[in-house]
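Participant: Got a structure here, written out as structure tokens. Questions coming.
Residue numbers (my numbering): 4 to 463.
Below, the structure is given as structure tokens:
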């Protein structure tokens with residue numbers, strides 16, 4: 004990320020300065036927005052929310068504006084496998100809102116999109132709506148770039164209880180809703196059902212059940228493991244942050260300090276180390292680790308892998324055996340964490356565009372087309388009512404693997420929401436990598452990482 008260029012507080016400070024600059028430009032401009040309306044100059048810098056005139060407009064005003072053509076630009080990361088679903092949603096939206104033209108612009112992966120978003124702020128060429136990866140919400144929300152959408156939600160009586168609680172929290176910041184879940188995934192265990200059935204075991208529901216499960220599935224030739232019972236990705240903290248929480252640990256404690264050196268936090272890694280030394284666990288790390296893990300699973304050299312739910316369909320289509328899915332096992336807690344992206348509205352845009360943007364966001368995240376969009380993209384349903392519908396029940400009948408996640412719908416939680424998360428998570432990712440590749444003393448390594456993390460946190 005750009006922090007390496009701009010220093011520890013780089014991205015946050017850069018966003019703040021850019022947003023302040025763009026607001027000043029807006030205040031001294033009489034340029035027209037994409038919808039032909041005058042640029043709104045009432046949006047402030049840090050902490051700005053939806054303009055009250057927009058949020059509290061009457062039904063009559065909304066209807067009057069509805070006949071005025073307006074164009075909004077939607078930046079996204081919907082790759083080749085999601086394009087059909089996106090096109091379906093755009094076509095359906097156009098039927099419902101013929102006066103709103105949506106210019107959908109692919110901006111690459113989430114990281115590429117975020118870099119382009121930062122550049123667009125400096126250039127004063129903001130999109131209207133964009134997807135935003137959940138872990139990046141704090142960066143952008145802290146700087147006031149994202150519009151608070153609670154006034155729209157209240158005005159249009161959107162039922163937030165219909166969403167998973169964790170999914171909503173992932174797209175809120177400091178108690179303010181700044182986005183809604185759009186393409187959501189979760190880390191889960193994906194397993195070879197025939198292999199587990201043959202061994203007479205089921206995926207572990209608790210950490211205490213792991214040893215018996217692993218002994219039944221691990222195959223060794225001398226001291227060499229030829230089939231691992233399970234694999235956990237070492238390359239990304241997204242896969243083991245839930246293990247920290249489930250073991251009773253904390254990444255940041257209640258005083259805002261690092262929790263990496265707490266016994267509850269180190270518990271997950273000590274287990275990983277023991278399971279690895281026993282030959283049960285494969286802990287892939289480094290370049291090509293994801294592809295290697297996938298291939299070993301397809302070759303039936305590992306019985307179960309933790310991976311993103313967005314890959315469930317891929318495993319079903321490519322494996323020569325029946326696929327099962329299991330929620331992560333419990334210890335002190337039982338949860339998994341959200342991946343994917345939500346959809347957000349830029350704050351410093353004209354009112355007409357902001358209103359059109361909200362209609363687009365509300366439509367894209369509504370229950371009406373939720374199952375169809377899910378089926379197209381391979382991501383999780385986000386609305387409970389959609390799951391309860393005829394289409395939702397048909398979806399679960401056709402893809403029963405998803406039930407293992409959706410049974411724990413409200414235990415799919417956001418990652419830690421802190422502007423420095425992207426920086427300090429690298430510290431314990433490196434520790435996991437060291438344990439994977441070289442071994443080492445967990446207590447010593449995590450103590451060192453905790454000190455480095457506290458140095459980062461001092462700047463926030």
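The beta carbon of each residue, even a glycine, is placed where N, CA and C say it ideally should be.
For the candidate residues 336, 239, 269, whose alpha-carbon lies nearest to that of residue 289?
Facilitator: As a working note, residue 289 is residue 286 in the chain shown. Ranking 336, 239, 269 by Cα distance to residue 289 puts 239 first.
Participant: In three-state DSSP terms, what is residue 123?
Facilitator: Residue numbering aside, residue 123 sits at position 120 when the chain shown is read from its first letter. If DSSP states are grouped into helix, strand and coil, residue 123 belongs with the helices.
Participant: CB-CB under 6 Å to residue 88, same chain, minus the five flanking residues each way: which ones, in chain order?
Facilitator: What you label residue 88 is simply residue 85 of the chain shown in a count that begins at 1. The answer, listed in chain order, is 376, 379, 380.
Participant: In the structure shown, what three-state DSSP assignment does residue 78 receive?
Facilitator: Taking the first residue of the chain shown as position 1, residue 78 is located at position 75. Here residue 78 sits in strand by DSSP.
Participant: Work out the CA separation of residue 93 and residue 76 for me, nearest whole Å.
Facilitator: Along the chain shown, read from residue 1 onward, the residue named residue 76 stands at position 73. Along the chain shown, read from residue 1 onward, the residue named residue 93 stands at position 90. Their Cα atoms are separated by approximately 12 Å.
Participant: Let's test the definition: count the other Cβ atoms within 10 Å of the Cβ of residue 335 and tell me whether it reaches 16, buried, or not, exposed.
Facilitator: As a working mapping, residue 335 is identified with position 332 in the chain shown. That one is exposed.
Participant: Among the candidates 420, 184, 134, whose CA atom is the shortest distance from the CA of residue 82?
Facilitator: Along the chain shown, one-based indexing puts residue 82 at 79. The candidate whose alpha carbon is nearest that of residue 82 is 134.
Participant: How big is the Cα-Cα spacing for residue 42 and residue 359?
Facilitator: In the chain shown, counting from the first residue as 1, residue 42 sits at position 39. In the chain shown, counting from the first residue as 1, residue 359 sits at position 356. Confidence in residue 42 is poor, its pLDDT being 30 and thus under 50, which makes the residue's placement too unreliable to answer from.
Participant: Between which two residues does the beta strand (DSSP E) holding residue 91 run?
Facilitator: Numbered from its first residue, the chain shown carries residue 91 at position 88. Careful: residue 91 lies outside any beta strand (DSSP E), inside the alpha helix (DSSP H) at 86 to 99.
Participant: In terms of residue numbering, what span does the alpha helix (DSSP H) encompassing residue 141 cover?
Facilitator: Looking up residue 141 in the chain shown gives position 138. Here the alpha helix (DSSP H) through residue 141 covers 140 to 145.
Participant: Fully enclosed by the stretch 131 to 215, which beta strand (DSSP E) runs are 3 residues long or longer?
Facilitator: Listed in chain order, the complete beta strand (DSSP E) runs (minimum 3 residues) inside the stretch 131 to 215 are 132 to 136, 182 to 195.
Participant: Which one or two residues does DSSP pair with residue 309 in a beta bridge?
Facilitator: The count along the chain shown starts at 1 and reaches residue 309 at position 306. DSSP lists 192 as partners of residue 309.
Participant: I believe residue 308 touches residue 193 by the beta-carbon criterion, under 8 Å. Please report the beta-carbon distance rounded to the nearest angstrom.
Facilitator: For the purposes of this step, residue 308 is taken as residue 305 along the chain shown, with counting starting at 1. For the purposes of this step, residue 193 is taken as residue 190 along the chain shown, with counting starting at 1. Their Cβ separation, rounded to whole angstroms, is 6 Å, which keeps residue 308 and residue 193 in contact under 8 Å.
Participant: Enumerate in chain order the residues of its own chain whose CB-to-CB distance from residue 386 is below 6 Å, with the five nearest sequence positions on each side excluded.
Facilitator: Residue numbering aside, residue 386 sits at position 383 when the chain shown is read from its first letter. Once the five neighbours on either side are set aside, the close Cβ partners of residue 386 are 165, 370, 373.
Participant: Taking the continuous beta strand (DSSP E) assigned at residue 223, which residues delimit it?
Facilitator: The sequence position of residue 223 within the chain shown is 220, counting from 1. It spans 222 to 224 - the beta strand (DSSP E) in which residue 223 sits, taken as one unbroken run.
Participant: Where residue 104 and residue 389 are concerned, what is the direct C-alpha to C-alpha distance, given to the nearest angstrom?
Facilitator: Mapped onto the chain shown, residue 104 falls at position 101. Mapped onto the chain shown, residue 389 falls at position 386. Going by the C-alpha atoms only, they are around 26 Å apart.
Participant: Should residue 196 and residue 327 be called a contact, given that it needs their Cβ atoms to be closer than 8 Å?
Facilitator: Start at 1 with the first residue of the chain shown, and residue 196 comes out as number 193. Start at 1 with the first residue of the chain shown, and residue 327 comes out as number 324. Cβ distance < 8 Å, so residue 196 and residue 327 count as in contact.
Participant: Quick one: what does DSSP say residue 302 is sitting in, helix, strand or coil?
Facilitator: By 1-based counting over the chain shown, the position of residue 302 is 299. Three-state result, residue 302: coil.
Participant: Which residues in the same chain have their Cβ closer than 6 Å to the Cβ of residue 113, if we skip the five residues on either side of it in sequence?
Facilitator: On the chain shown, residue 113 is found 110 positions in, with the first residue counted as 1. So the qualifying residues of the chain are 80, 136.
Participant: How big is the Cα-Cα spacing for residue 454 and residue 397?
Facilitator: For the purposes of this step, residue 454 is taken as residue 451 along the chain shown, with counting starting at 1. For the purposes of this step, residue 397 is taken as residue 394 along the chain shown, with counting starting at 1. Their Cα atoms are separated by approximately 51 Å.
Participant: To the nearest angstrom, how far is it from the Cα of residue 297 to the Cα of residue 158?
Facilitator: If you number the chain shown from 1, residue 297 lands on position 294. If you number the chain shown from 1, residue 158 lands on position 155. Going from the Cα of residue 297 to the Cα of residue 158 covers about 46 Å.
Participant: For residue 114, does the three-state DSSP call read helix, strand or coil?
Facilitator: Within the chain shown, numbered from 1, the residue matching residue 114 stands at position 111. Of the three classes helix, strand and coil, the one that applies to residue 114 here is helix, per DSSP.
Participant: Taking residue 168 as the reference, give the member of 458, 339, 450 with the closest Cα.
Facilitator: Along the chain shown, read from residue 1 onward, the residue named residue 168 stands at position 165. It is 339 whose Cα lies nearest to the Cα of residue 168.
Participant: Who are the Cβ neighbours of residue 362 in its own chain at under 7 Å, not counting the five residues just before and after it?
Facilitator: The count along the chain shown starts at 1 and reaches residue 362 at position 359. 100, 103, listed in sequence order.
Participant: Given a cut-off of 8 Å, decide if residue 152 and residue 275 are closer than it, judged by their beta-carbon atoms.
Facilitator: Here residue 275 is taken as the residue at index 272 of the chain shown, counted from 1. Here residue 152 is taken as the residue at index 149 of the chain shown, counted from 1. The answer is no: Cβ separation not under 8 Å.
Participant: Who are the near neighbours of residue 213 in its chain, counting only those whose CB is closer than 6 Å to its CB and skipping five residues on each side?
Facilitator: Against the chain shown, residue 213 aligns to sequence position 210. Answer for residue 213: 207, listed in chain order.
Participant: Taking DSSP as the reference, what is the three-state secondary structure of residue 400?
Facilitator: On the chain shown, position 397 is the one that residue 400 refers to. Note: residue 400 maps to helix in three-state DSSP.
Participant: Report the rounded CA-to-CA distance for residue 90 versus residue 399, giving the unit in angstroms.
Facilitator: Here residue 90 refers to the residue found at position 87 when the chain shown is read from its first residue. Here residue 399 refers to the residue found at position 396 when the chain shown is read from its first residue. Rounded to whole angstroms, residue 90 to residue 399 spans 24 Å at the Cα level.
Participant: Considering only C-alpha positions, which residue in the set 428, 433, 126, 211 is nearest to residue 253?
Facilitator: In the chain shown, residue 253 corresponds to position 250, counting from 1. Nearest C-alpha to residue 253: 428.
Participant: In terms of residue numbering, what span does the beta strand (DSSP E) encompassing residue 106 cover?
Facilitator: Start at 1 with the first residue of the chain shown, and residue 106 comes out as number 103. From DSSP, the beta strand (DSSP E) with residue 106 extends over 103 to 109.
Participant: Report, in whole angstroms, the separation of the C-beta atoms of residue 149 and residue 181, which I expect to be a contact under 8 Å.
Facilitator: For this step, residue 149 is matched to residue 146 along the chain shown. For this step, residue 181 is matched to residue 178 along the chain shown. The pair is a contact, with the Cβ atoms about 4 Å apart (cut-off 8 Å).
Participant: Mind checking which residues open and close the beta strand (DSSP E) that includes residue 329?
Facilitator: Position 326 of the chain shown, counting from 1, holds the residue named residue 329. That run of the beta strand (DSSP E) goes 326 to 329.
Participant: On a CA-only basis, which of 346, 233, 219 is nearest residue 329? Give me that one, please.
Facilitator: Position 326 of the chain shown, counted from the first residue, corresponds to residue 329. For the residues 346, 233, 219, the minimum Cα distance to residue 329 belongs to 233.
Participant: Output needed for residue 301: all residues of its chain with C-beta closer than 7 Å, excluding positions within five of it in sequence on either side, in chain order.
Facilitator: Numbered from its first residue, the chain shown carries residue 301 at position 298. Within the same chain, residue 301 has close Cβ partners 321, 322.
Participant: Taking residue 351 as the reference, which of 199, 414, 124 has the closest Cα?
Facilitator: The residue you call residue 351 lines up with position 348 of the chain shown. The shortest C-alpha separation from residue 351 is found at 124.
Participant: Given a threshold of 16 other Cβ atoms within 10 Å of its Cβ, counted over all protein chains shown, does residue 243 qualify as buried or as exposed?
Facilitator: What you label residue 243 is simply residue 240 of the chain shown in a count that begins at 1. Buried, since its Cβ has 16 or more Cβ neighbours within 10 Å.
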